[in-house]
Amino acid sequence: MGKRIAVFSMTPLFPDFAMGGGQVQLKKVALYLGEQGHRLRILSTRRKGSATPFRWHENVEIQPVLRFKQPYPEPYFTPLYHIANAMRYVGGAIAEADVHYSHDGGLIFPYVYRDIPTVISLRSIIYPETMQCAYLFQGDEWILPSVHTRASYEAVVSQFAPAVGERMHAIYNGFDWDYYRYTEPRAIFRLVPAEVANQPTLLFPHRPEEPKGIYQALQVARKLRRDYGWRDLRVLAPRWLDSDSASGNRAYYDRLQRRIHEAGLDEVFVFHDWISEDLIPEYYSLADVTLCIGSLVETFGNTVFESLGCGTPAIVSRVGPYRELLPDAHIDRVDFGDIEGAAAMAHRILSERRRTSAATMSYLRAEFSQDAMVKAYAKVILNAKKRPPLEYRLPRFNDSTRYTLAPWCYVSRSKGVYHDFLGRYTTDEKLVEASQKHPEGFPSAAVDRAQLSNWLDDGYVVPRVRTRPQKASEAPPG
2 MGKRIAVFSM
12 TPLFPDFAMG
22 GGQVQLKKVA
32 LYLGEQGHRL
42 RILSTRRKGS
52 ATPFRWHENV
62 EIQPVLRFKQ
72 PYPEPYFTPL
82 YHIANAMRYV
92 GGAIAEADVH
102 YSHDGGLIFP
112 YVYRDIPTVI
122 SLRSIIYPET
132 MQCAYLFQGD
142 EWILPSVHTR
152 ASYEAVVSQF
162 APAVGERMHA
172 IYNGFDWDYY
182 RYTEPRAIFR
192 LVPAEVANQP
202 TLLFPHRPEE
212 PKGIYQALQV
222 ARKLRRDYGW
232 RDLRVLAPRW
242 LDSDSASGNR
252 AYYDRLQRRI
262 HEAGLDEVFV
272 FHDWISEDLI
282 PEYYSLADVT
292 LCIGSLVETF
302 GNTVFESLGC
312 GTPAIVSRVG
322 PYRELLPDAH
332 IDRVDFGDIE
342 GAAAMAHRIL
352 SERRRTSAAT
362 MSYLRAEFSQ
372 DAMVKAYAKV
382 ILNAKKRPPL
392 EYRLPRFNDS
402 TRYTLAPWCY
412 VSRSKGVYHD
422 FLGRYTTDEK
432 LVEASQKHPE
442 GFPSAAVDRA
452 QLSNWLDDGY
462 VVPRVRTRPQ
472 KASEAPPG
């Protein structure tokens, strides 16, 4: 007999449209569970275009009844009765379920799910309500989309709950590679000009958030045009759903248009409507290079994989999980802010008319399988048991405490230590020396105490609270 699963999604859901990669992954998992005979009741946030119940499958019903603030961010910036109603709706669904799955975090009230086995999947490492969930979560299993995300959350939460790592599972996103493959562009020309098919084209397929790298993309485009002679270059970028109605998004696009005009790139940048799921393969297939060169700390980053699957090489910055998800042989990487390096890479790809290699496609199929992903999610969700609450206590550091470079930092070959959340480098030689001389952790006696305190406060180092062997299923691919 199938299980009854109550699912929480703070992000709005749609019948045939996804607001982001996290919702794409949720649909994959939900459909798999529904096809296996389990019944899912998904409660999501209501918004225009998603205000009435619908189904993804006969066993998967979406009820957009929650009234968190739209558009994003600050979902809790809503009248207090909407929060109470959300707790009531979600609590009611959980009371009738065998297991609760919170897909994207955001539900920060442990007593709503305290009596039911609960699994949480944190899809962000920068949004406030998701981070609050991490510190307040009193459920039973955690799913994180990458080793970087898992290591980062464990590094901070384990300071207060040392056993938390035993409940964490790193499960990479998986893809249907028969869907994300080269697809001849046809219907996509309803949204983008047909002439770009014969022009060198870069993709910037991201939401309107400056850390996604739009200004870095602008600089790369200018350099390609001015220094490399790509006079007919085009950059395709989607307009977000609320680009006209939300004041913050209007301001974003107004600033961007001014910068584009100042750079003399008005004809280069082509803005178009948001792309529906059915057109995504054509969209990626149309382009020559996809740019993911911002400073935003993703938890996985579907864009890179979808682009590669459709034959289009991607250039990524060494930020967050982009440092570890793919071996160097399968991806083009630059340090964040290296515009010259990114432009040179794009120039080579354009000149060679390079597409995704057969070796890379083989690797993607082997290591990022949708079937393996949904089965791994299902295993965690269906086998979740009610555990005792995590024991929390304040951390106490002493002379025996050892410290390591934080998981969100890395040592660049030429620029010093990069910090994902600050989006910048430090040339602190003592920090580089301590991290490289003691990769397993250095004692407090090895450095000046005041310096150590500064590193801790600024997030460059973390205490080693405890270690545990990494499960084979959580090891990075390759």
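For the sequence shown, the residue numbers in our numbering are 2 to 479.
Every residue gets a Cβ at the ideal spot worked out from N, C-alpha and C, and that includes glycine.
Shown here, THR119 sits in a strand according to DSSP, grouped into three states.
In the three-state reduction of the DSSP assignment, VAL463 falls in the strand class, which pools E and B. Shown here, TYR253 sits in a helix according to DSSP, grouped into three states. Take LEU67, set aside five residues on each side of it, and the residues of its chain with a beta-carbon closer than 7 Å to its own are LEU44, SER45, THR46, ARG47, ALA87, TYR90, in chain order. Residue burial annotation: THR428 is exposed, with fewer than 16 other C-beta atoms found within 10 angstroms of its C-beta.
Taking one beta carbon from each stretch, the segment 266-274 and the segment 286-297 have fewer than 3 pairs nearer than 8 Å; the two do not touch.
Taken through DSSP and simplified to helix, strand or coil, GLN220 comes out as helix. Annotated three-state conformation of TRP456 is helix, per DSSP. In this structure, the beta-carbon distance from SER445 to THR402 falls below 8 Å. Residue THR202 holds the alpha-carbon nearest to the alpha-carbon of ASP233 among ALA252, THR202, GLY214.
Excluding its 5 nearest sequence neighbours in each direction, LEU297 has C-beta neighbours in its own chain below 6 Å: PRO212, LYS213, listed in chain order. Under the three-state reduction of DSSP, ALA162 is assigned to coil, being neither helix nor strand. Each residue's CA atom was taken as its position, placing VAL236 and LEU204 some 6 Å apart.
Rounded to the nearest angstrom, the gap between the Cα atoms of LYS4 and ARG223 is 55 Å. GLU299 counts as buried, since no fewer than 16 other beta carbons sit within 10 angstroms of its beta carbon. Counting the other Cβ atoms within 10 Å of the Cβ of LYS29 gives 16 or more, which makes it buried. Residue range 129-137 is occupied by the alpha helix (DSSP H) that includes PRO129. Between GLU130 and GLY106, the C-beta spacing is below 8 Å. When rounded, the separation of the alpha-carbon atoms in THR361 and ASP179 is 15 Å.
Looking at the DSSP output, HIS58 shares a beta bridge with VAL61. Counting only runs that start and end inside the segment 298-340, the alpha helix (DSSP H) elements of at least 4 residues fall at 303-310. Between the C-alpha atoms of ASP99 and ALA52 there is a straight-line separation of about 26 Å. Residues LEU32, GLY35 of the same chain have their beta carbon placed closer than 6 Å to that of HIS58, with the five preceding and five following residues left out of the count.
CA-to-CA, the gap between ILE63 and ARG56 works out to about 6 Å. Between ALA7 and HIS101, the CB-CB gap stays under 8 Å. Note on geometry: alpha-carbon atoms of PRO408 and ALA367 lie some 26 Å from one another. If you draw a straight line from the Cα of ILE261 to the Cα of GLY342, it is about 21 Å long.
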